[in-house]
Amino acid sequence: MGAINAVTDLSVEDGIAIITINYPPVNALSHAVREGIVQGVQQASADAAIKGLVLICDGRTFMAGADITEFGKPPKSPWLPEVIEVIENTSKPVTAAIHGTALGGGLEVALGCHYRVAVPSAKCGLPEVHLGLLPGAGGTQRLPRIVGPQKALEMVTSGAHIDAKTAHAAGLIDELVAEGGLRAGAIAFAKKVVAENRPLKKVRDLNDKVEAARGQPEIFADFRKANARKFRGFLAPEYNIRCIEAAVNLPFDEGLAVERKLFQELMGGVQSAAQRYVFFAEREVWKIPDVPSDTPTLPIAKVGVIGAGTMGGGIAMNFANVGIPVTIVETKQEALERGLGVIRKNYETTAKRGKLKAEDVEKRMGLLTGTLELEKLADCDLIIEAVFENMDVKKDVFGKLDRIAKQGAILASNTSYLDINEIASATSRPEWVIGLHFFSPANVMRLLEVVRGAKTSKPVIATSMQLAKKIGKVAVLVGVCHGFVGNRMLAARQAQAQAMLMEGAMPWDVDKPLYDFGMPMGPFAMGDLAGLDIGWSKETSKSSTVREVLCEMDRRGQKTGAGFYDYDEQRNAKPSPVTEKIIKDFMAKAGATPRQISEQEIIERCIYPMINEGARILEEKIAIRPSDIDIVWINGYGWPAYRGGPMFYADTVGLATVVAKLKEHAPKLGAGFSISPLLEKLAAEGRKFQDLK
Ligand code: 3HC
Ligand code: NAI
Numbered sequence: 122m123g124a125i126n127a128v129t130d131l132s133v134e135d136g137i138a139i140i141t142i143n144y145p146p147v148n149a150l151s152h153a154v155r156e157g158i159v160q161g162v163q164q165a166s167a168d169a170a171i172k173g174l175v176l177i178c179d180g181r182t183f184m185a186g187a188d189i190t191e192f193g194k195p196p197k198s199p200w201l202p203e204v205i206e207v208i209e210n211t212s213k214p215v216t217a218a219i220h221g222t223a224l225g226g227g228l229e230v231a232l233g234c235h236y237r238v239a240v241p242s243a244k245c246g247l248p249e250v251h252l253g254l255l256p257g258a259g260g261t262q263r264l265p266r267i268v269g270p271q272k273a274l275e276m277v278t279s280g281a282h283i284d285a286k287t288a289h290a291a292g293l294i295d296e297l298v299a300e301g302g303l304r305a306g307a308i309a310f311a312k313k314v315v316a317e318n319r320p321l322k323k324v325r326d327l328n329d330k331v332e333a334a335r336g337q338p339e340i341f342a343d344f345r346k347a348n349a350r351k352f353r354g355f356l357a358p359e360y361n362i363r364c365i366e367a368a369v370n371l372p373f374d375e376g377l378a379v380e381r382k383l384f385q386e387l388m389g390g391v392q393s394a395a396q397r398y399v400f401f402a403e404r405e406v407w408k409i410p411d412v413p414s415d416t417p418t419l420p421i422a423k424v425g426v427i428g429a430g431t432m433g434g435g436i437a438m439n440f441a442n443v444g445i446p447v448t449i450v451e452t453k454q455e456a457l458e459r460g461l462g463v464i465r466k467n468y469e470t471t472a473k474r475g476k477l478k479a480e481d482v483e484k485r486m487g488l489l490t491g492t493l494e495l496e497k498l499a500d501c502d503l504i505i506e507a508v509f510e511n512m513d514v515k516k517d518v519f520g521k522l523d524r525i526a527k528q529g530a531i532l533a534s535n536t537s538y539l540d541i542n543e544i545a546s547a548t549s550r551p552e553w554v555i556g557l558h559f560f561s562p563a564n565v566m567r568l569l570e571v572v573r574g575a576k577t578s579k580p581v582i583a584t585s586m587q588l589a590k591k592i593g594k595v596a597v598l599v600g601v602c603h604g605f606v607g608n609r610m611l612a613a614r615q616a617q618a619q620a621m622l623m624e625g626a627m628p629w630d631v632d633k634p635l636y637d638f639g640m641p642m643g644p645f646a647m648g649d650l651a652g653l654d655i656g657w658s659k660e661t662s663k664s665s666t667v668r669e670v671l672c673e674m675d676r677r678g679q680k681t682g683a684g685f686y687d688y689d690e691q692r693n694a695k696p697s698p699v700t701e702k703i704i705k706d707f708m709a710k711a712g713a714t715p716r717q718i719s720e721q722e723i724i725e726r727c728i729y730p731m732i733n734e735g736a737r738i739l740e741e742k743i744a745i746r747p748s749d750i751d752i753v754w755i756n757g758y759g760w761p762a763y764r765g766g767p768m769f770y771a772d773t774v775g776l777a778t779v780v781a782k783l784k785e786h787a788p789k790l791g792a793g794f795s796i797s798p799l800l801e802k803l804a805a806e807g808r809k810f811q812d813l814k
């Protein structure tokens with residue numbers, strides 16, 4: 122007894138063999154772990170003195186799944202289904218002892234055990250769907266046999282983690298043991314199983330729940346219908362559903378064969394490759410080469426927000442949500458009250474949906490203090506400005522803040538486009554100034570662009586990144602340029618969308634292929650949602666663009682019931698003859714001849730210039746790595762994760778194709794257009810963005 126290999130260990134206590142896995146950080150089921158488990162189980166089986174087994178993990182968690190870093194490499198025996206078969210077919214009862222998160226392959230191993238115990242803080246889930254996969258080691262066949270098909274459908278398609286108490290109630294966990302006492306509790310449980318001569322409970326043999334659902338195809342039809350919007354474009358949810366259907370309709374081994382086939386299909390496809398790439402990309406963003414993880418950070422106990430408009434209110438909510446008090450400054454009482462009113466309404470809506478307790482609404486509102494005096498921000502550790510997008514106004518605010526804020530306070534701007542260095546120049550402490558660019562609605566959208574000025578200090582950057590994590594955001598560090606990463610690339614797309622209106626495409630012609638591509642909506646629908654009058658004023662409007670004419674007609678977007686589209690009471694969009702006429706009039710005036718533009722061209726014209734802009738962003742070192750750009754687009758603009766972000770997508774198209782198409786379209790791309798030298802070089806060398814490390 123003792124070490125089985127470098128990552129597994131076998132010990133014996135009172136006739137119970139304990140196989141311990143120690144493979145930090147998350148005990149992923151690497152080849153060595155799989156091999157260790159099989160050897161441990163075989164050794165324990167062969168030893169007559171051993172009556173039962175416990176499978177437990179050291180460190181922060183039970184096995185968190187298959188080792189994702191091994192995906193795409195040739196599989197090495199024993200592969201996971203074999204490991205589970207060995208466990209399940211052991212002649213002595215095996216108990217899984219769960220703490221932390223039993224996820225994916227980890228939960229599948231636990232389902233292959235005869236019994237499962239867990240501490241109350243543990244969580245279980247099958248999150249493969251987030252990687253564009255399905256549980257490929259029997260999870261889709263065993264889980265419904267315990268929790269029933271309906272609950273299994275929810276778990277495999279959402280990837281949600283359920284807590285140990287819920288899992289216990291559902292029969293997934295046989296016994297809860299005291300927090301901190303997992304090893305002793307699991308051994309005691311295993312001894313009890315042996316003493317009581319309990320049967321070897323194989324999940325594969327539990328057929329009641331699946332049989333009860335047989336002959337009821339509506340369970341699946343209804344589930345598909347209810348979730349159609351959420352699953353749009355993704356293959357993995359549908360494949361997961363088919364596996365649960367197989368669990369209900371077929372004998373276990375046949376169901377397992379269906380699971381295997383569909384798993385391999387997903388694993389070989391581009392969607393899963395994209396989603397696995399996104400998994401790692403989301404973890405890369407936190408790694409900043411010249412700001413190492415041991416950079417000192419500053420405590421943020423009190424936050425100030427300037428401006429209680431669209432953004433300021435949402436920004437303040439992020440901090441109140443995690444218990445940090447916020448002082449909100451406005452210029453007029455009326456604006457302050459309106460802003461605080463919107464925040465209250467947001468919290469109350471969440472409470473009505475059952476996602477927030479009524480007392481928490483008051484608790485969070487109690488953390489927000491409104492004021493008209495900037496001086497009240499003197500003791501804040503972080504102050505975020507969210508006033509009008511105007512350099513003079515922002516510089517005025519930062520000049521004042523420089524006099525008011527305590528030394529050591531971080532001064533941040535939520536500007537969408539403006540130069541953080543110029544804003545910082547209004548202070549005597551540019552090293553304390555940073556951009557914190559939230560996305561609208563700021564309490565909902567996951568993305569935060571952290572904009573590093575030329576003089577921003579490393580502790581200010583490290584603190585901002587850490588704080589972003591605390592408030593549940595994905596932060597991407599970017600440099601100063603007009604529009605930073607996201608809006609700069611968006612501008613490249615919008616310019617083409619506009620241009621195509623003057624070549625013969627209607628707004629809905631442009632929006633449709635982008636929606637079908639997987640974007641939440643096309644550029645014109647997005648304009649209508651945001652409001653066409655952002656930055657527009659009646660006084661200066663000159664009827665010089667389609668958008669100006671629409672605003673002059675009070676077609677200012679969804680909020681006025683019409684914009685590029687007409688909207689009905691339920692805000693369903695319909696192509697508008699009014700808009701069509703405006704566009705045709707503009708074309709007639711310009712003497713332009715309309716032509717038929719293919720959906721393929723629309724995609725290329727909208728997306729390839731974005732990729733080109735992304736390449737420039739890399740050349741200029743505005744983003745650290747291509748995958749950071751992809752994280753911006755997935756979390757800030759709803760780019761479909763199954764296409765991995767614009768830079769990953771470019772790699773799948775092939776950079777040589779992107780360059781060739783850009784050259785073909787170049788005469789239509791506008792006078793200022795040119796191909797990024799980086800993009801051209803990579804294409805010529807047959808390389809990908811992913812090769813840039
Ligand atoms: N394989 C390999 N590495 C993994 C991993 C896995 N399954 N899960 C996490 N890691 C790595 C991360 O990449 C990260 O590495 P880094 O420190 O070098 O960046 C490190 O472990 C820590 O991860 P997190 O930063 O995410 O740590 P958290 O504590 O925030 O979260 C977690 C821990 C909840 C376990 C989270 O990592 C997670 O959700 N992991 C993925 C779980 C998953 O998807 N499992 C299913 C895998 S697919 C499968 O099992 C297929 C099977 O059905 C056949
Ligand atoms: P908004 O017009 O809704 O709100 C601005 C608020 O600031 C107003 O309530 C105004 O009264 C207040 N204000 C103006 N000057 C002030 C001062 N000196 N002191 C205190 N309060 C003052 O504008 P919105 O949309 O919230 O934008 C704010 C900033 O956020 C802008 O820089 C904008 O570019 C940026 N932003 C906007 C996004 C959006 O989708 N609306 C997205 C991301 C960033």
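Numbering (my numbering), first residue to last: 122 to 814.
All C-beta atoms, glycine included, are put in the ideal place defined by N, C-alpha and C.
Backbone CA spacing between residue i and residue j [nearest angstrom]
| i | j | result |
| --- | --- | --- |
| valine 379 | isoleucine 362 | 12 Å |
| glycine 648 | glycine 678 | 7 Å |
| alanine 713 | glutamate 624 | 7 Å |
| leucine 232 | leucine 264 | 7 Å |
| lysine 695 | glycine 180 | 56 Å |
| glycine 434 | glutamine 721 | 40 Å |
| aspartate 772 | glutamate 191 | 21 Å |
| glutamate 451 | alanine 777 | 52 Å |
| leucine 377 | glycine 643 | 41 Å |
| isoleucine 308 | tyrosine 144 | 22 Å |
| glycine 123 | asparagine 442 | 47 Å |
| lysine 702 | leucine 803 | 44 Å |
| alanine 127 | valine 314 | 30 Å |
| histidine 603 | alanine 616 | 15 Å |
| leucine 799 | isoleucine 732 | 11 Å |
| threonine 326 | arginine 319 | Correcting the residue identity first, residue 326 is aspartate in this sequence and not threonine. Answer to the nearest angstrom: the Cα atoms are 15 Å apart. |
Heavy atom of the ligand NAI within 7 Å of residue i beta-carbon
| i | result |
| --- | --- |
| threonine 452 | yes |
| glutamate 801 | no |
| glutamate 543 | no |
| histidine 152 | no |
| valine 595 | no |
| alanine 429 | yes |
| asparagine 535 | yes |
Close beta carbons around residue i, own chain, < 6 Å, minus the five adjacent residues each side
| i | result |
| --- | --- |
| glycine 257 | Phe384 |
| glutamate 806 | none |
| glycine 491 | Ile449, Leu457, Leu461 |
| valine 207 | Val159, Val162 |
Any non-hydrogen atom of the ligand 3HC within 7 Å of residue i CB
| i | result |
| --- | --- |
| glutamate 386 | no |
| threonine 492 | no |
| histidine 220 | no |
| isoleucine 189 | yes |
| aspartate 147 | In the sequence under discussion, the amino acid at residue 147 is valine, which differs from the aspartate named in the question. Yes; taking the cut-off as 7 Å, the Cβ of valine 147 has a heavy atom of the ligand 3HC nearer than that. |
| glycine 225 | yes |
| glycine 257 | yes |
| threonine 182 | yes |
Residues of its chain near residue i, where Cβ-Cβ distance is below 8 Å and the 5 sequence neighbours each way are ignored
| i | result |
| --- | --- |
| alanine 456 | Ala429, Gly430 |
| alanine 299 | Val240, Gly306 |
| valine 154 | Val128, Thr129, Ile142, Tyr144, Asn148, Met184, Asp188 |
Cross-strand partners of residue i (DSSP beta bridge)
| i | result |
| --- | --- |
| arginine 764 | Partner(s): none; arginine 764 has no beta bridge. |
Beta-carbon contacts of residue i that lie in its chain and below 7 Å, excluding the five residues immediately before and after
| i | result |
| --- | --- |
| arginine 668 | Leu653 |
| alanine 545 | Pro551, Val554, Gly574, Lys576 |
| lysine 815 | This structure gives no information on residue 815, because the portion of the chain shown stretches from 122 to 814. |
| asparagine 564 | Gly435, Met438, Asn439, Asn467 |
| proline 580 | Thr416, Pro417, Thr418, Leu419 |
query: What are the uninterrupted segments assigned as beta strand (DSSP E) that are 3 or more residues long and contained completely in the region 490 to 570, given in chain order?
result: Those beta strand (DSSP E) runs which fall completely within the region 490 to 570 and span 3+ residues are 503 to 506, 531 to 534, 554 to 559.
- prompt: Whole alpha helix (DSSP H) runs in the region 149 to 176 with 4 or more residues, listed along the chain?
  reply: Whole alpha helix (DSSP H) segments, 4+ residues: 152 to 167.
- prompt: Can you give, in chain order, each stretch of the alpha helix (DSSP H) that sits fully within the region 728 to 763 and has at least 4 residues?
  reply: Complete alpha helix (DSSP H) runs here, min 4: 747 to 758.
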